[in-house]
Every structure is written in structure tokens, then in C-alpha cells.
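In the working numbering, the protein residues as written are -8 to 177.
Read through the structure below, which is laid out as C-alpha cells, and then see the notes.
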């Protein structure tokens, strides 16, 4: 199964896409495993960008992360990943996991599990305690497998992102040209 998403360049800080490439970048992914480990297995380093907009994640009825200062990592052949500043994450619901993963570009990722009331998910997110020099902006940031959350919002519009597809409900083409990021299935 292929997954396609559009990302508007006007939502990415410092991204020079050239005048002939239009307003959007299309990303296509082949879905083999619903939980890809963080880090890039390709020979091109991931791109790190600041995101302009409010991003919110809800887990078991609780806003577990919300921020206007998220970072986005764009990796080849992978869905873009949002990193939340630690101060914008409800850390009381997270505990370190036994799992770590090594990325040749970003460093060693430490996974976390989330537990709220009777719901617990192992390895739902990760962070880089000591990121590599090109990715020091990710220090003190946490990323999540968004499709494991109850809901994800970008600028107060719900974004559906699960293991089988990516789409947005109630966001049309006119909105995407204004709002941009991670809001429209292809």
C-alpha cells in the first residue's frame, strides 16, 4: 500500500524549493511496517525544519502534547515526524522504555511508553538525549507515533493519521494552500 501526503512549503522555515517546483512537496511512502524505528536508513541526512502552526496530540482523552514550537524531520521514504519541546509535553504520563534505536545521522533514540488511566502503549514515542551536532535542535524534544494517538490537530483542524492511511477531515484544497502542513491526502 502506498501513502501520499502533501506538505506546503509556506509552513517550513528556511526551505528553499526553487521557483519551478510549485507550492507543495509530495511525499509517497510504501507501508511495510506500521512502526518504523526513528532515524534514516538512507544516504541522505534528514532535513530539520521549524513548523509554523499549533500542533496538538490527544491520548486517552488527555492533551499529551501541544505546541506552537514543534520541529519537523523530513526523511527519505518516511512520513514527516513532529518533535515537541519537552516543556510542551505532559511528561507525567511518559516513562522510559527498554528500547533504543541508532540513527547514523541523529544519534541514539530512547523510546518512551505512555500510560493514562487504564491505557498503556509501549514505545509510543522517542527522543534523542544527545543528538548528533547537525540535530542539536532536537535535544529536549519528543516525537510520537501519531497514529497511536486518539487525535492529532494542526491549527485546530483534525488530521487523521493512522497506520493505513493519511487524510484530513474537513480540510479542502483552499485550506491547504493557506494552512499547509500535513493536511491533505493525495
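Even for Gly, the Cβ is constructed at its ideal location relative to N, Cα and C.
All figures in this text were calculated on a predicted structure; none of them were measured in a lab.
Under the three-state DSSP convention, the category residue i falls into
i	result
residue 35	coil
residue 61	coil
residue 91	strand
residue 149	strand
residue 144	strand
Sub-7 Å separation of residue i and residue j beta-carbons
i	j	result
residue 39	residue 64	yes
residue 118	residue 97	no
residue 67	residue 35	yes
residue 139	residue 74	no
Buried or exposed (CB count within 10 angstroms, at least 16 for buried), residue i
i	result
residue 85	buried
residue 70	buried
residue 116	buried
residue 50	buried
residue 37	buried
residue 62	buried
According to DSSP, residues forming a beta bridge with residue i
i	result
residue 105	85, 112
residue 117	102, 134
residue 40	63
residue 74	62, 134
residue 123	BP columns for residue 123 are empty, so no partner.
residue 55	Answer by DSSP bridge pairing: none, since residue 55 is not bridged.
residue 128	Bridge partners of residue 128: none, in fact.
residue 139	The partner list for residue 139 (beta bridge, DSSP) is empty, contrary to what the question assumes.
Rounded distance between the beta-carbons of residue j and residue i, thought under 8 Å
i	j	result
residue 133	residue 53	Not quite, the Cβ-Cβ distance comes to about 15 Å (not below 8 Å), so this is no contact.
residue 113	residue 88	6 Å
residue 46	residue 145	6 Å
residue 93	residue 76	The Cβ separation is near 24 Å, so there is no contact.
residue 184	residue 55	Residue 184 is absent from the model: the chain starts at -8 and stops at 177.
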